[in-house]
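Heads up: the sequence shown begins at 1311 in the numbering used here, then just goes up one per residue. For glycine and all other residues, C-beta sits at the position ideal for the given N, C-alpha and C. What you are looking at is a predicted structure, and each value in this text was computed from that prediction instead of being measured. Read through the structure below, which is laid out as structure tokens, and then see the notes.
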Amino acid sequence: MTDILSKTYDPREHEERLYRWWEEQGYFRPETQVQLGRASEDGPSWCITMPPPNVTGVLHLGHAMTAAVEDLMTRYYRMNGRQTLFLPGADHAGIATQNVVERELRKEGLTRHDLSREEFIERCWVWARESLRRITEQHKRLGISCDWERERFTLDEGLSHAVRTAFVRLYQRGMIYRGTYLVNWCPRCTSAISDLEVEPEERSSHLWYVRYPILDEDWDGPQGEWGSGKWAEGATQFIEMATTRPETILGDTAVAVHPDDDRWQRLVGSTAVLPAIGRRIPVIADDVVDPEFGTGAVKVTPAHDPTDNEIGLRHGLEAPNILTDAAQMNENAGPYVGQDRFECRRNIVADFEKEGLLVKVEPYFHAVGTCQRCHTDIEPRISTQWFVKTEPLAEAAMQAVRDGRTAIVPEREERRFFHWMENIRDWCISRQLWWGHRIPVWYCHDCGGETCEMTDPAECAHCGSTHIHRDEDVLDTWFSSGLWPFSTLGWPDTDAPDLKRYYPTDVRETGYDILFFWVAREMMLGAAMTGQTPFATVYLHGLVRNEEGRKISKSMENIDEYDPLNIIEKYGSDALRYTLLTSSTPGLDMNLDPRRLEGARNFTNKIWQAARFVLANVSDSDGAGLELNLKPGTWDLQLPDRWILSRLNRLVLSAERLFETYQYGEAGRQIHDFLWGEYCDWYIEASKVRLYDEAADKAVPQAILLRVLETALRLLHPFMPFVTEAIWQALPAPPGGGRQEGGEALMLAQWPEPDAGLLDEDAEARMDLAVSLIRSIRNRRAEYDVTPGRRIPALIAAGDAAPWLEEQRTLLCALAKLDPDQLAIQPTAQPPAQAATAVVGDVVVYLPLAGLVDLDAERERLSRKLSEIEGRITRSQALLAGEFAQKAPDQVVQRERDKLAELQSEQAKVEDRLAALG
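Here it is, written out as structure tokens:
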């Protein structure tokens, strides 16, 4: 039967074949699960919707982590008999996709404005369709068991209808409004972006200290042209302040100080003159000013800073905008009009110095807001945009967590969730783009009214005029993504079968970094649109970093090594999945170490070779003769049999507990340790005693080998679906039918149930002692370089364990390579002269040295080794006593000291060995 499995496991031979078979059989579809009797339409269900990846990108390790965790969950609940839906899809990624398509246009010497809006959108669709195909294939390479017939895209007709419904309903409730406020503006994307789309980037910059002249009886204003060096000539009073953005000076409309700051109280109420522009601006007092920053006085630029904007509103200040959409200085920038913002910064600093108004420049390290998509420095800017009132929506989402309808895993993330939601600001949802869901609002040229309806209007809803035009902007991508858990299931059709069956969904699984980008918005919109929380659990995984803990970025020289598809090509999909799933815990980052990938690949080969051994020793090809009742007393179960069955059922209990508490990494590690350490290394080796004995009854070890293997494969399947399915299909068929031919897929097999009757603490304790004894004897053999196949004598003083250890004589002799004619197992024993000793608990093993080695030859070998070690110790001590210790780097000296300590430890061991030889 070993011919069914090749000599080694080659992922390329099985992964594509098995995935195609799963898909062709419809195993990913919940309807198929019902048809095959694996689930019931009126029984428990389970549903998760895939976080829609952007159509602009290829699969990266973050996607792979998300997909692997979600597929593990899905396979587990599917095997538990729930009607399971894993619904896939992708996001249209408004800004990101538009940036990519515009970059392609630039290669043709075009901009989007050289095309009509419709022509540009069609270009985006071409890109999106190809990206969707690529994303789907990449997920299939990972073994993701989605129902691809239900795949969704945020710009699909059905989802677009859902987006419009949500917008119109919120608009009609007064929850969506249009206003002119300070927003985050990306000059590269030429669009407003939300607070969450701003990424702070720590930078080394400067703090420029400048001063503005104060009008008084001695100085009535500028005395010369700006840049002449005479502009502030004659001024006797100045107010000094520090700024990180000198170019925004041109938009200042006040200088503010703290009302209790004695340094500047005398100037409150006076008038300063804004350099370069000549604008008269007041010196005002406001509690928000930090007296410890800079000089204690701050410039106030209401149109280009959030704090300044609030000061401006409180004091009724004007808010002139000095920047164009592309962050060039506009007509309000005086002599700097037309300059790029950073060019203006350099020039205005130079002019301040020329005019004697630059006091000093200091180094300054601070965070600069950048666009999450294109990494351009954002500009706070007053703009007319659409907003969602978030406070009432946030309260509904928080209440779902408070009352337990939604749990966040790990629980510590709840504190961060509440902190953000309690301090939430209204959400800017309009974007100055063409690709996306266009805002369904029409403006009337005659009465100025707004019309927002479910169908495109032909006339103004207020005055009946046909002179109307539609808003040019599109919605923030996160608006449509926020509807994902229910829009993908058929909402707003409340009678949609999938919506009725699967909503609310069970889990939202994603990285902790988008808890607020997406999860919070899903919860807010879910409560607002459906009256229900969209999922019962939020499971947050950490970020994937490189082996040194650094963030993986495109700038890395070895970035290709972190491409999931390259990893799959080298190690196989199962190895990548297993590594991602077992190297992390909820909410914590993981370091991807190539050695773990190699270890996971070795694990696939280990269980493959174990399966080959089992198949080679199972003679009944239909498996009927192996369906044994393995209860103690029914069959003659020996100690290894009772032990492995007990350990298996203890593992089943533990794995179920760990799965139900989202401790997937620990579950995977325990399954690995059982299969490799207990089943392969010990039970298989123990079974050979009977399998290779012609006179022994082989039925029990055959049945147990098969029973344990097939149960462990079911436990491991959610982690490693391909290798487990490949082995499963090669196992003897159960009575009454085949496996693959009869539709018997492992992915639809029943999740193992523990059998408490097979738990056997006595067997576990006894086998643990036997294993420890065998390990100790093997260690002593290795220390004395005993030939691997040579059998040696032993005397075991076993105390109360002597009777049952005597029953394991054959096992001990086989696995420790003891001579059965020279093995004595007694309650007590007189220690023989010249014997190596191993102590395990209350049991002592004596190995006569004469039976291990040629004593004279061993003395000579150890004496030579001791002389060599002593010579190396002498040289190391001399080195550390000389100039080396004073001149060499500390770490080099420490390495030498560590080496000396190791040599001295080895010297003591060799001396002890020589003493034992007499």
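| Check | Outcome |
| --- | --- |
| Okay, do the stretch 1428-1441 and the stretch 1761-1779 touch, 3+ Cβ pairs below 8 Å being the bar? | no |
| Per DSSP, N1901 forms a beta bridge with which residues? | R1855 |
| Can you give me the start and stop residues for the beta strand (DSSP E) that E1509 sits inside? | V1508 to P1523 |
| Could you compute how far the alpha carbon of Y1319 sits from the alpha carbon of E2063? | 29 Å |
| Where does E2051 fall in DSSP's three states? | Because E2051 carries a pLDDT of 38, less than 50, the predicted location of this residue cannot be relied on, and no value is offered for it. |
| Assuming R1818 and V1848 form a contact by the criterion Cβ under 8 Å, report the distance between their Cβ atoms to the nearest whole angstrom. | 5 Å |
| Of all the options D1983, E1628, D2166 and D1756, which has the alpha carbon lying nearest to the alpha carbon of I1954? | D1983 |
| For E1323, which residues from the same chain have a beta carbon less than 6 Å from its beta carbon, with the 5 sequence-adjacent residues on both sides left out? | none |
| Go ahead and pull the three-state DSSP assignment for M1764. | coil |
| Expressed to the nearest angstrom, what Euclidean distance is found between the alpha-carbon atoms of I1692 and G1484? | 22 Å |
| State the start and end residues of the unbroken beta strand (DSSP E) segment that holds Q2196. | That residue, Q2196, is in no beta strand (DSSP E); its alpha helix (DSSP H) goes F2194 to K2197. |
| Leaving out five residues on either side along the sequence, give the residues of the same chain with a beta carbon under 6 Å from the beta carbon of C1654. | E1557, M1639 and Y1646 |
| Whose CA, out of W1737, E1705, I1739 and Q1742, lies closest to the CA of F1727? | E1705 |
| If I2102 and L2162 are in contact, beta carbons under 8 Å, what's the gap, nearest whole angstrom? | 6 Å |
| Mind checking which residues open and close the alpha helix (DSSP H) that includes E2178? | L2165 to A2191 |
| Looking only at its own chain, which residues have a Cβ that is under 7 Å from the Cβ of S2177, when we skip the five neighbours before and after it? | none |
| Considering only C-alpha positions, which residue in the set D2095, Q2204 and G1987 is nearest to K1916? | G1987 |
| Just verifying my parser: in three-state terms, what is the DSSP assignment at V1263? | Only positions 1311 to 2228 of the chain appear in this structure, which leaves residue 1263 out of reach. |
| Quick check: the Cα distance between S1964 and T1761, rounded to an integer number of angstroms? | 60 Å |
| Can you pull the DSSP bridge partners for E1672? | L1517 |
| Classify Y1329 as helix, strand or coil using the three-state DSSP reduction. | helix |
| If you check the beta carbons only, do V1567 and D1596 fall under 9 Å apart? | yes |
| One question on the structure: do L1452 and L1886 come within less than 9 Å of each other, judged by their Cβ atoms? | yes |
| For R1952, which option in S1997, N1927, G1975 and E1966 has the closest C-alpha, if you only look at C-alpha atoms? | S1997 |
| How far does the beta strand (DSSP E) with L2023 in it extend, from its first residue to its last? | Counting along the chain, L2023 falls outside any beta strand (DSSP E), though it belongs to the alpha helix (DSSP H) covering A2009 to L2026. |
| Out of V1565, Q1575 and H1614, point me to the one whose CA is closest to R1590's CA. | V1565 |
| Taking buried to mean at least 16 other C-beta atoms within 10 Å of its own C-beta, is N1876 buried or exposed? | exposed |
| Go to N1494, then tell me how far its beta strand (DSSP E) extends in each direction, as first and last residue. | I1486 to C1496 |
| Is W1696 near the ligand ZN, in the sense that its beta carbon is under 8 Å from a heavy atom of that ligand? | Looking at this structure, you won't find the ligand ZN or any other ligand, since it has none at all. |
| Just mark Q1667 as buried or exposed, buried being the case when its beta carbon has 16 or more other beta carbons within 10 Å. | According to the sequence provided, residue 1667 is Leu. The question's Gln does not apply to it. Classification of L1667: buried, given that the 10 Å Cβ count is 16 or more. |
| Can you give the Cα-Cα distance for E1995 and A2124, rounded to whole angstroms? | 9 Å |
| Can you find a CB in chain C that lies within less than 9 Å of the CB of E1760? | The chain inventory of the structure shown lacks chain C, comprising one protein chain alone. |
| My understanding is that T1815 touches P1795, with C-beta atoms under 8 Å, so please give their C-beta distance in whole angstroms. | 5 Å |
| Pairs of beta-carbons, one from the stretch 1451-1465 and one from the stretch 1330-1338, closer than 8 Å: are there three or more? | yes |
| How many angstroms separate the CA atom of L2165 from the CA atom of S1893? | 48 Å |
| How would you label F1338, buried or exposed, when you count the other beta carbons within 10 angstroms and need 16 or more for buried? | buried |
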